[in-house]
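Residue numbers (the working numbering): 263 to 351.
Glycine is no exception: its CB is placed at the ideal position from the N, C-alpha and C atoms.
Data first, discussion second: the structure below is written as structure tokens.
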């Protein structure tokens with residue numbers, strides 16, 4: 263049973279070591295923007311023996327769009343139509 267975030271990350275570390283992730287050309291870590299996830303990435307890199315030069319941290323598309331919408335909502339000088347146009351481009 264998965265009890266908490268630390269357990270999940272230690273399971274990921276185990277799988278990554280088992281799969282030989284340290285020998286990969288590159289590793290993409292894709293996640294939402296939750297701090298509890300990003301705060302554990304250094305542990306993952308260290309324990310799975312992954313070179314930081316091979317690691318690419320990526321914010322998933324859904325959450326990236328969500329953050330962009332929130333940022334555009336703060337642009338009071340833009341009309342709703344202009345905000346919508348910026349979202350689509």
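Closer than 8 Å: residue i CB and nearest the ligand SAH heavy atom
i	result
residue 339	Here there are no bound small molecules, and the ligand SAH is not part of this structure.
Backbone secondary structure at residue i - three-state DSSP
i	result
residue 289	strand
residue 319	strand
residue 280	helix
residue 346	helix
residue 338	coil
residue 268	helix
Closest Cα partner of residue i within the set the options
i	options	result
residue 287	273, 342, 274, 317	317
residue 315	267, 339, 290	290
residue 309	347, 321, 281, 275	275
residue 267	297, 280, 285	297
residue 323	307, 349, 341, 342	349
Per-residue burial, residue i [other beta carbons within 10 Å of its own, 16 or more giving buried]
i	result
residue 273	exposed
residue 312	buried
residue 278	buried
residue 319	exposed
Residue range of the unbroken alpha helix (DSSP H) whose run includes residue i
i	result
residue 301	It is not in any alpha helix (DSSP H) - residue 301 carries neither H nor E in the DSSP assignment.
*At a cut of 8 Å, does the region 330-348 reach the region 292-311 through at least three beta carbon pairs?*
Contact fails between the region 330-348 and the region 292-311, because fewer than three Cβ pairs, one in each stretch, are under 8 Å apart.
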